[in-house]
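Colleague: This is the structure I have questions about; it appears just below.
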Amino acid sequence: MEIGTGQSISKLSKQILEHIPISVNTKPNIESADVIILLDTNTIEQLGDITEKVSKSSAPLIVVDHHAPHPQTLKRAGLLVTKQETSSTCEVIYDFFKQTREKPSLKEAEALFLGIAFDTRHFVLGNASTFEAIVGLCDSGVRPQDTLSLLSLPMDVSERIARIKACKRAKLFKKGEWIIAFSQVSAYEA
54 MEIGTGQSIS KLSKQILEHI PISVNTKPNI ESADVIILLD TNTIEQLGDI TEKVSKSSAP
114 LIVVDHHAPH PQTLKRAGLL VTKQETSSTC EVIYDFFKQT REKPSLKEAE ALFLGIAFDT
174 RHFVLGNAST FEAIVGLCDS GVRPQDTLSL LSLPMDVSER IARIKACKRA KLFKKGEWII
234 AFSQVSAYEA
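The numbers in the numbering used here rise by one with no breaks, and the one at position 5 of the sequence shown is 58.
Here is the structure:
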């Protein structure tokens with residue numbers, strides 16, 4: 054089995070992969086795949102560098118997602134597991150564990166917990182099934198405070214300096230109850 058992505062691995066993902074050691078290949082061998090499983094990807098076009106290889110592959114395609122499938126995905130997928138009423142794909146995967154009466158390992162539970170937390174913007178977009186899954190994952194040993202800390206990256210020095218410079222250049226205006234600040238930045242997503 055190979056876990057792959059058609060894109061680079063983000064800093065946040067690298068931090069999580071240090072805690073939950075999974076090998077992720079940025080150049081997966083699609084040509085030799087017996088089956089391809091897409092998670093949280095409602096269209097093949099989201100696959101970056103491997104889009105064309107997946108499109109042309111004769112391997113059966115299984116899609117597990119919480120979004121409505123794209124029409125092209127409907128045509129290509131041999132099996133489609135979607136639950137649009139859930140807030141994250143990790144909830145769908147957790148349901149697989151529940152249905153088979155299997156308990157995820159601690160690392161699996163932590164990975165699912167992090168996926169749910171990330172997809173729901175730290176549970177802001179969660180619903181009742183989200184919190185039912187979280188309770189089940191905590192019953193599997195997840196410690197929320199420790200695990201959630203993996204979703205925080207320390208700010209590097211150059212970003213701190215850019216933010217301080219932006220504050221120095223800020224122009225402040227008061228409009229009714231609002232205080233509005235304008236500044237000019239050249240990096241780190243204004």
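Idealized CB from N, CA, C, for every residue including glycine.
List the whole-angstrom C-beta distance separating Ile73 from Ala164, where the pair is believed to meet the contact cut-off of C-beta under 8 Å.
Modeller: Taking the first residue of the sequence shown as position 1, residue 73 is located at position 20. Taking the first residue of the sequence shown as position 1, residue 164 is located at position 111. The Cβ separation is near 5 Å, so the contact holds.
Colleague: How many angstroms separate the CA atom of Gln99 from the CA atom of Lys218?
Modeller: For the purposes of this step, residue 99 is identified with residue 46 of the sequence shown, where counting begins at 1. For the purposes of this step, residue 218 is identified with residue 165 of the sequence shown, where counting begins at 1. Straight-line Cα distance between these residues: approximately 36 Å.
Colleague: My understanding is that Asp102 touches Gly59, with C-beta atoms under 8 Å, so please give their C-beta distance in whole angstroms.
Modeller: The sequence position of residue 102 within the sequence shown is 49, counting from 1. The sequence position of residue 59 within the sequence shown is 6, counting from 1. So it is a contact: roughly 4 Å between Cβ atoms.
Colleague: Among Val116, Leu114, Thr173 and Ser193, which one has its Cα closest to the Cα of Lys151?
Modeller: Residue mapping note: residue 151 aligns to position 98 of the sequence shown, counting from 1. Residue Ser193 is the option with its Cα nearest to Lys151.
Colleague: Would you mind working out which of Gly168, Ile97 and Gln68 sits nearest Thr126, comparing C-alpha positions?
Modeller: Indexing the sequence shown from 1 puts residue 126 at position 73. Checked all of Gly168, Ile97 and Gln68; the closest Cα to Thr126 is Ile97.
Colleague: According to DSSP, is Ala243 helix, strand or coil?
Modeller: Residue mapping note: residue 243 aligns to position 190 of the sequence shown, counting from 1. Caution is warranted here: a pLDDT of 45 is assigned to Ala243, below 50, making its placement in the model unreliable, and no coordinate value can be reported.
Colleague: Quick check on DSSP: helix, strand or coil for Val117?
Modeller: For this step, residue 117 is matched to residue 64 along the sequence shown. DSSP places Val117 in strand when its eight states are reduced to three.
Colleague: In terms of residue numbering, what span does the beta strand (DSSP E) encompassing Leu92 cover?
Modeller: Locating residue 92 in the sequence shown gives position 39, where the first residue counts as 1. Run containing Leu92: Ile89 to Leu92, per the beta strand (DSSP E) assignment.
Colleague: Pull up the CB-CB distance for Phe166 and Ile146, whole angstroms please, since I reckon it's below 8 Å.
Modeller: Taking the sequence shown and counting its residues from 1, one reaches residue 166 at position 113. Taking the sequence shown and counting its residues from 1, one reaches residue 146 at position 93. Going by Cβ atoms, the distance from Phe166 to Ile146 rounds to 11 Å, so no, they are not a contact pair.
Colleague: If contact is defined by three or more beta carbon pairs under 8 Å, each pair taking one atom from either stretch, is the stretch 218–237 in contact with the stretch 191–205?
Modeller: The stretch 191–205 is not in contact with the stretch 218–237.
Colleague: Starting from Ala234 and walking both ways along the beta strand (DSSP E), at which residues does that stretch end?
Modeller: Counting from 1 along the sequence shown, the entry for residue 234 is found at position 181. Where Ala234 is concerned, the enclosing beta strand (DSSP E) stretches over Trp231 to Phe235.
Colleague: Tell me the start and end of each unbroken alpha helix (DSSP H) in the stretch 154–206 that is at least 4 residues and wholly inside, in chain order.
Modeller: As far as the stretch 154–206 is concerned, its whole alpha helix (DSSP H) runs of at least 4 residues are 159–172, 181–192 and 197–201.
Colleague: Taking all protein chains shown into account, decide if Ser140 is buried (16 or more other Cβ within 10 angstroms of its Cβ) or exposed.
Modeller: As a working mapping, residue 140 is identified with position 87 in the sequence shown. Ser140 should be labelled buried.
Colleague: With which residues is Ile56 paired in a DSSP beta bridge?
Modeller: What you label residue 56 is simply residue 3 of the sequence shown in a count that begins at 1. Val77.
Colleague: So, at 8 Å on beta carbons, what are the nonlocal neighbours of Ile233 in its own chain, with the 5 sequence-adjacent residues on each side left out?
Modeller: Here residue 233 refers to the residue found at position 180 when the sequence shown is read from its first residue. Hits under 8 Å: Leu225, Phe226 and Lys227.
Colleague: Looking at the structure shown, is Lys227 part of a helix, part of a strand, or coil, going by DSSP?
Modeller: For the purposes of this step, residue 227 is taken as residue 174 along the sequence shown, with counting starting at 1. Residue state, collapsed to three classes: strand.
Colleague: Does DSSP put Val107 in a helix, in a strand, or in coil?
Modeller: Translated into the one-based positions of the sequence shown, residue 107 becomes position 54. In this structure, Val107 counts as helix in the three-state DSSP scheme.
Colleague: Between which residues of its own chain and Ala243 is the CB-CB distance below 6 Å, once the five residues before and five after are set aside?
Modeller: If you number the sequence shown from 1, residue 243 lands on position 190. Residue placement at Ala243 is poorly supported in this model, since its pLDDT is 45, which falls under 50; the coordinates still yield a value, given next. Closer than 6 Å at the Cβ level, and outside the excluded window around Ala243, lies no residue.
Colleague: On the CB-based measure, 16 or more other CB atoms within 10 Å of its CB, does Ala162 come out buried or exposed?
Modeller: By one-based count along the sequence shown, residue 162 stands at place 109. It counts as buried.
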